[in-house]
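Here is the structure we will look at.
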Amino acid sequence: MTTLLRTDGVTKAFGGVRALDDCSLAIAEGSVTGLIGPNGSGKTTLFNVITGYARADAGEVYLGDRKITRYAPDKVFNAGVGRTFQLTRIFPTLTVLENMLVPARNGGRGRALEQLEFVGIAGHHDQLAGTLSYGQRKLLELAYVLVADPAIILLDEPAGGVNLTLLSQIAARIRELNARGKTFLVVEHNMEFVMGLCDRVAVLDAGTVVADGPPDIIRTDPRVLDAYLGTDVTG
Amino acid sequence: MTRTARLGGLAVLAAAAIAFPFVYSSPVDTNYGVYALIFVTVASAWNIFSGFSGYISLGQAVFFGSGAYTAGIAARDWHMTGTSVFLLLPLAAAVSALIAVPFGLIALRVRRHTFIVITIAVFFIFQLMAADFSFTGGTVGVQSPFLPWQAATFNNPFYFIALAAAAVTVTAAWLVRRSRFGLQLRAIKDDEDRALGLGVRTMRVKLSAFMLSACITGFIGGVWFLYLTEVLPSSGYDPLFDLSIVLMAFLGGIGTLSGPVIGALIIEPGRLWLTTRFTNGYLSEILLGALFLLVVLFMPRGIVPTGSEWIRRLRTRGRPAIEPVKAPAGGAR
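For the protein sequence lines, the chains are C and F, in the order given.
For reference, each letter of the first sequence is one residue, going 250 to 484 in this note's numbering.
For reference, each letter of the second sequence is one residue, going 73 to 405 in this note's numbering.
In structure tokens form, the structure reads like this:
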């Protein structure tokens, strides 16, 4: 399988704290990769570095063969990397349909409605986005990233704060898109969600990838237990 | 409101605006009309950038004064006389738009209160330059060439030029709001970083709107100069001018199309009336400040949004404003 997105020795420090420390990760094209790790392990910082919201102190980020390390967020998106945020960010004073038309290369009104239909909120298209429920906002954010048809989508805690029905709906949509060839990198704390959805899981601890492999192997990897529980596996 | 009713309302407004100087033909009355329309134009131009993007600029006088000075300096140095000076208005617009480029490249890198402070700083730089440079006439300013028109109807051509400028500006604001460009500006107002992360070239969008706003303001600044026949550093670059247009937009409804128009039509004639009615020249300024406070405290969204909400409440009394949507099977809640 070819690598679609790769970080190569990425380091990022905030003051004296190293949020990312020589972080290297490769995402295969057409995969759903989970990125897990304890709070403060650098997952969101890695997303920020990849999508241009934070600048890496060292290391490189590649999309295919293209180096995108110092690209601004708009350029990263236009290169084919879409993302959602941990705390959902929509445009509350625009209608749901207008939200869909904000992204560059959105394919027009027809495609926007198609994507809203796909995530199940087309009935709300002329409503102000600020009036949507939290779960609907999650779906809208996913839909307006999808509308630009990015090569890879980075989802930051898609299951955070949503009910079980919506959770299975989000998982179903990700699976359906993945079956059509879309690549995903998912940060999530809900282990059941990650293990059921992803075909590969990478574990981040103190800014470094400490384990990387199929979910069944990762589940029993002592380094993962160490990262989460602080147990001394070598001892 | 239906499309036909809206078009009908606009036609009545346009007819009333055209008929105004014929019905109220005294120069005192038409003077009210000229000033009101100049401020309708400026407030709407300000709204195209600040209202839609949320970047509150207190430096619009930079473009207004520069438009006025451009027309004055060019007319003086190129020895232009008579009505040919009106040919300088596009130049006034172009110079103001050009000034907006470095101004915007500096100020638009920052947001919110820092942006406001920078616009004020740039404003004072321009006011000081106008007072200190010799080519701007220093503190004496620049006078416009004599226009050989009769005193009784002198205001009328200015009235119609200002009316045309106001109509073009409101139309431009309408077109911007309906366009993808306008959508991007409104997205920037909601969450600029998110818009950037969706591929919107935010700096380019903001700068384009800033330049468009400056261009219109420079044009009408030139009209104002020819009407008033002189520009001084204190009148061209007047801090009260900036406060007035912000108040007009806030009073009417910032970011709406009709809000700045309504605000300008209330405040500017009101200010002129107070200035001429009472000998205390500061009364209008004191009342302007008091009105600003009242608007911010009791009607922060302005007349148009608040009025629309009242009407909607009356029409939807007893039932939800938004009809519940039947969700598809397994739909999100």
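Backbone N, C-alpha and C fix where the C-beta goes; we use that ideal spot for every residue, glycine too.
Next item on the list: Inspect the CB distances between the segment 362-370 of chain C and the segment 288-298 of chain F and report whether three or more fall short of 8 angstroms.
Entry: no
Check: Would a check of beta-carbon distances place T342/C closer than 7 angstroms to chain F?
Finding: yes
Checklist line | Residue from R252/F, S97/F, V333/F, G308/F with nearest C-alpha to P352/C | finding: R252/F
Margin query: For a cutoff of 7 angstroms on Cβ pairs, would you count L268/F as touching chain C?
Written below: yes
Notebook entry, point to check: Along chain C, in chain order, which residues have C-beta atoms closer than 8 angstroms to that of R252/F?
Noted result: L350
Checklist line | Distance CB(S285/F)-CB(F111/F) smaller than 7 angstroms | finding: no
Checklist line | Per DSSP, cross-strand counterpart(s) of Q199/F | finding: Q199/F is not bridged to any residue.
Next item on the list: Tell whether a beta-carbon distance below 7 angstroms holds between S125/F and L257/F.
Entry: yes
Next item on the list: Could you name the residues of the segment 254-284 of chain F whose beta carbon sits closer than 8 angstroms to any beta carbon of chain C, in the order they occur along the chain?
Entry: L255, Q256, R258, A259, K261, D262, D263, D265, R266, A267, L268, G269, L270, G271, V272, R273, T274
Notebook entry, point to check: What is the DSSP secondary structure of Y127/F, reduced to helix, strand or coil?
Noted result: coil
Check: So what does Y311/C bridge to, in DSSP terms?
Finding: R255/C, K316/C
Checklist line | Short-range partners of chain F found in the segment 393-417 of chain C, where Cβ spacing is below 8 angstroms | finding: Y393, V394, A397, N412, T414, L415
Notebook entry, point to check: Quick one: which chain F residues come within Cβ less than 7 angstroms of P322/C?
Noted result: L268, G269
Next item on the list: State yes or no: is the beta carbon of N297/C nearer than 7 angstroms to at least one beta carbon in chain F?
Entry: no
Next item on the list: Give the DSSP bridge partners of F433/C, in chain order.
Entry: V281/C, I402/C
Next item on the list: From the DSSP output, in three-state form, read off L453/C for me.
Entry: strand
Check: Between L359/F and the rest of its own chain, which residues show a CB-CB distance below 7 angstroms, the 5 nearest in sequence each way excluded?
Finding: L346
Margin query: By alpha-carbon positions, which one of T318/C, K324/C, K261/C, G331/C ends up nearest to G289/C?
Written below: K261/C
Notebook entry, point to check: Is M250/C closer than 7 angstroms to A277/C when the C-beta atoms are compared?
Noted result: yes
Item checked: Segment contact, 8 angstroms Cβ cut-off, at least three pairs: the segment 349-364 of chain C with the segment 419-436 of chain C -> no
Next item on the list: Using three-state DSSP, classify V182/F as helix, strand or coil.
Entry: coil
Checklist line | Local Cβ density within 10 Å of E390/C, reported as buried at 16 or more and exposed below that | finding: buried
Margin query: Assuming G384/C is part of the alpha helix (DSSP H), what are its boundary residues?
Written below: 383-395
Margin query: Does the CB of F326/C have a neighbour CB from chain F at under 7 angstroms?
Written below: yes
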